[in-house]
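Colleague: Take a look at the following structure, please.
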Amino acid sequence: MASTITNTTTASANSALSDAAQSIISGATNSALDVNQLVKALVNAKIAGPSAILSAKQTASNTTLSALGTLKSALASLQTALTPFKDGAALQRFTATASEKDKGLSAVAGKNAVASSFTVEVDRLATAHKLTSDSFDTGETLGEGTLDISMGGKTMHLTIAAGSNKLTDVVAAINRAKDNPGVTASVVNGADGQHLVLSANKTGAANAIDVQAGTGVDTRLASSQMREVEAAADAELRIDGTRVTSASNTLEGVVSDITIKLESASVGTKQTLTITPDTEATGTSIREFVKAYNSYVDALNGLTSYTAATGSTSAQAGALLGDSIARTLAASLPAVVSAGVKGSDGVTHSLGEIGIKLDKSGKLEIDDDTFKKALQPGNTAIAALFGSSGMTTKLNSAITPYVQSSGIIERRSTAINKELDDIKKQSSMLDVRSTQLTAKFNRQFTALNNLMSIMNNNQQYLTQLFGGANSAGALATNHK
3 MASTITNTTT ASANSALSDA AQSIISGATN SALDVNQLVK ALVNAKIAGP SAILSAKQTA
63 SNTTLSALGT LKSALASLQT ALTPFKDGAA LQRFTATASE KDKGLSAVAG KNAVASSFTV
123 EVDRLATAHK LTSDSFDTGE TLGEGTLDIS MGGKTMHLTI AAGSNKLTDV VAAINRAKDN
183 PGVTASVVNG ADGQHLVLSA NKTGAANAID VQAGTGVDTR LASSQMREVE AAADAELRID
243 GTRVTSASNT LEGVVSDITI KLESASVGTK QTLTITPDTE ATGTSIREFV KAYNSYVDAL
303 NGLTSYTAAT GSTSAQAGAL LGDSIARTLA ASLPAVVSAG VKGSDGVTHS LGEIGIKLDK
363 SGKLEIDDDT FKKALQPGNT AIAALFGSSG MTTKLNSAIT PYVQSSGIIE RRSTAINKEL
423 DDIKKQSSML DVRSTQLTAK FNRQFTALNN LMSIMNNNQQ YLTQLFGGAN SAGALATNHK
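So the number in the numbering used here is just where the residue sits in the sequence shown, counting from 1, plus 2.
Right, here's the structure in full:
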């Protein structure tokens, strides 16, 4: 490229000098110099070469910078797909299934669950306390004083004053109170008048609502004078015959790392919860890894490709063809993926054993039948390859130096950005040089133009005085 730019620049310079010479010759034959055109051509001859070189460097640097960004993004996506395998987490997934579908019993198993099964008999659900008052006339005032509302060991103190002591005022005050312990108040307009309804925001026997009406306050606001719509009660159930109570219908910690959820349909049923390894989730994580790895390979192949020239097209090269980072990755990651890993059984396992192989393009392909069989619980190959010390952990370690902060790609990108800054500075200096040359040549050729104009005027005067080739001058005429 540098040779091409130099040759082009030399040709431009020669052309400019030829134009300058022709302009001077024209000037010598009574024509004024085209100073602007001449200066433009000469300045371009001086500047075009260095400018083209800087432009080419800038384009190449930006192309490489963009390519490195694409590569880093592909590697980061691949590393994200490896996250579920960190510390073997993807192999520690379990699913909990109730024996009766749509019977109100469900469960979620955590990573520390163990394969097991147990019976669950639900006697009652946890309920939230709800109270309703006797009726009040619309607009009736409810006295003046204090109202203390307690729930779950917390109490709010409400002051009822004249001017804001109607039922709607009391309800609004309860709901906006900052020390509200978790009680929602509402008004129900019945046929016999207005009723105050208080609802606990939490279930469980410990979350019963208690209302104490102070002196001067209508006693109908006291909980002792209200009707209980729903009792505050704990959920009651038996797990493998053991009695269990819970303030919530979501039970955590009753069975190791199992969260049990109860709904109304479960009451009165006896069901079996079965905890099994979630092979489907594990398979999905492995397929996502394969997809991300293949996307990375596509990106790398595109950035390092080469297409030879044909009769109608020029050669095309990827932005990172021959780049040291790309070459290293092209060799190191496939080596990790294709290497064997020794399992807990002492046997060395490979991806091919579970139906995953590298194709000719370097991408991974899955044989579904073999892969599905390999996913069955207890497969030592899956545990070896995707466990905490398996292939995916090693692959993650191989990727990290490239994508981490101040890593290999970031350091290269920083260096390229510095080069671009230098190119920008050089371009600015070249602009200054162009301005200086333009001013210099303008002065020189304007002076030359003026000199040639004087010479032409002198020549015309002498011709008039002494005559020319086809005429006699004034002196010759006077002599006669």
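Yeah, the Cβ is synthetic: ideal placement off N, Cα and C, and Gly gets one too.
Can you tell me whether H131 is buried or exposed? The criterion is at least 16 other CB atoms within 10 Å of its CB, across all chains shown.
Modeller: Answer is buried; the Cβ neighbour count reaches 16.
Colleague: How many Å lie between T278 and E230 at the Cα?
Modeller: Distance between the alpha carbons of T278 and E230 is about 43 Å.
Colleague: Which same chain residues, not among the five before or five after S297, have their C-beta less than 7 Å away from its C-beta?
Modeller: Around S297: A76, S79.
Colleague: Please state if the CB of A100 and the CB of A109 are separated by a distance shorter than 9 Å.
Modeller: Taking 9 Å as the Cβ cut-off, A109 and A100 qualify as a contacting pair.
Colleague: Looking at the structure shown, is P279 part of a helix, part of a strand, or coil, going by DSSP?
Modeller: In this structure, P279 counts as strand in the three-state DSSP scheme.
Colleague: Check the DSSP bridge columns for T121 and list the partner residues they point to.
Modeller: According to DSSP, which records beta bridges pairwise, T121 is partnered with T274.
Colleague: Does the separation of the CB atoms of L305 and L44 fall below 9 Å?
Modeller: No, the Cβ-Cβ distance between L305 and L44 is not below 9 Å.
Colleague: In chain order, what residues of the same chain have a beta carbon less than 7 Å from the beta carbon of G147, not counting five sequence neighbours either side?
Modeller: Cβ neighbours of G147 beyond the five flanking positions: I162, G216, T217, G218, V219.
Colleague: Can you tell me whether M228 is buried or exposed, with buried defined as 16 or more other CB within 10 angstroms of its CB?
Modeller: With 16 or more Cβ atoms within 10 Å of its Cβ, M228 is classed as buried.
Colleague: On the three-state DSSP scale, how would you describe T134?
Modeller: In this structure, T134 counts as strand in the three-state DSSP scheme.
Colleague: Based on DSSP bridge pairs, tell me the residues matched to F96.
Modeller: BP columns for F96 point to P279.
Colleague: Nearest to G364 by alpha carbon, out of G106, V173, K293, H197?
Modeller: When only C-alpha atoms are compared, the closest one is K293.
Colleague: What did DSSP end up calling Q406 once you bin it into helix, strand or coil?
Modeller: Reduced to three states, the DSSP call for Q406 is coil.
Colleague: Excluding sequence positions up to five away, which residues of its chain have a Cβ less than 7 Å from the Cβ of F447?
Modeller: L35, V37, L40, V41, listed in sequence order.
Colleague: Could you pull out every residue in the same chain whose Cβ sits closer than 7 Å to the Cβ of E290, ignoring the five residues on either side in sequence?
Modeller: Counting only Cβ-Cβ distances below 7 Å, and skipping sequence neighbours, we find A83.
Colleague: For the structure I just gave you, are there three or more beta carbon pairs, one from the stretch 173-192 and one from the stretch 150-159, closer than 8 Å?
Modeller: Contact holds: three or more Cβ-Cβ distances are below 8 Å.
Colleague: Hey, is the stretch 350-367 in contact with the stretch 381-400, meaning 3+ C-beta pairs nearer than 8 Å?
Modeller: Taking 8 Å as the limit for Cβ pairs, the verdict is that the stretch 381-400 does touch the stretch 350-367.
Colleague: In three-state terms, what does DSSP make of E412?
Modeller: Looking at E412 - three-state DSSP - the assignment turns out to be helix.
Colleague: By DSSP, does G145 sit in helix, in strand, or in coil?
Modeller: Strand at G145.
Colleague: Look up Q438 in the DSSP assignment and say whether it is helix, strand or coil.
Modeller: Note: Q438 maps to helix in three-state DSSP.
Colleague: Ordered along the chain, which non-local residues of its own chain (more than five positions away) have a Cβ less than 6 Å from that of D300?
Modeller: Nothing listed; no residue qualifies.
Colleague: State buried or exposed for A401, treating a residue as buried only when at least 16 other CB atoms are found within 10 Å of its CB.
Modeller: One detail in the question is off: residue 401 reads as Ile in this sequence, not Ala. Buried, since its Cβ has 16 or more Cβ neighbours within 10 Å.
Colleague: Using 8 Å for Cβ pairs, my map puts L144 next to N167. What's the rounded Cβ distance?
Modeller: With a Cβ gap of about 5 Å, L144 and N167 count as contacting.
Colleague: Going by Cα to Cα distance, which pick from T416, N251, D280 is closest to A207?
Modeller: Among T416, N251, D280, the Cα nearest to that of A207 belongs to N251.
Colleague: Looking at C-alpha atoms only, which residue of A441, E265, S340, M431 is the closest neighbour of E367?
Modeller: The shortest C-alpha separation from E367 is found at S340.
Colleague: Where does the unbroken beta strand (DSSP E) through L366 begin, and where does it stop?
Modeller: Where L366 is concerned, the enclosing beta strand (DSSP E) stretches over 366-368.
Colleague: Note down the Cα distance separating A187 from M158, rounded to an integer number of angstroms.
Modeller: So the two alpha carbons sit approximately 13 Å from each other.
Colleague: Out of K426, L169, G285, point me to the one whose CA is closest to F87's CA.
Modeller: The shortest Cα separation from F87 among K426, L169, G285 belongs to G285.
Colleague: Curious, which full-length alpha helix (DSSP H) runs of at least 4 residues does the stretch 325-396 contain?
Modeller: If we require 4 residues or more, the alpha helix (DSSP H) runs fully inside the stretch 325-396 come out as 326-340, 370-376, 382-388.
Colleague: Indicate whether the contact test is met: 3 or more Cβ pairs, each with one atom in the stretch 332-349 and one in the stretch 267-275, closer than 8 Å.
Modeller: No, they do not touch.
Colleague: Does the stretch 416-434 touch the stretch 375-385, meaning 3 or more C-beta pairs lie closer than 8 Å?
Modeller: Counting Cβ pairs under 8 Å, fewer than three are found: no touch.
Colleague: Would you identify the three-state DSSP class for M228, choosing helix, strand or coil?
Modeller: It is coil, neither helix nor strand.
Colleague: Are the CB atoms of A224 and Q214 within a distance shorter than 9 Å?
Modeller: It is a contact, given that the beta carbons lie within the stated cut-off.
Colleague: Note down the Cα distance separating E238 from T205, rounded to an integer number of angstroms.
Modeller: Using only the alpha carbons, I get a separation of about 13 Å.
Colleague: Considering L204, what are the terminal residues of the beta strand (DSSP E) in which it resides?
Modeller: Strictly speaking, residue 204 in this sequence is Lys, with Leu absent from that position. K204 -> beta strand (DSSP E) spans 195-205.
Colleague: Apart from the five residues on each side of it in sequence, which residues of its chain come closer than 6 Å, Cβ to Cβ, to D259?
Modeller: Here the set comprises G112, N114, A115.
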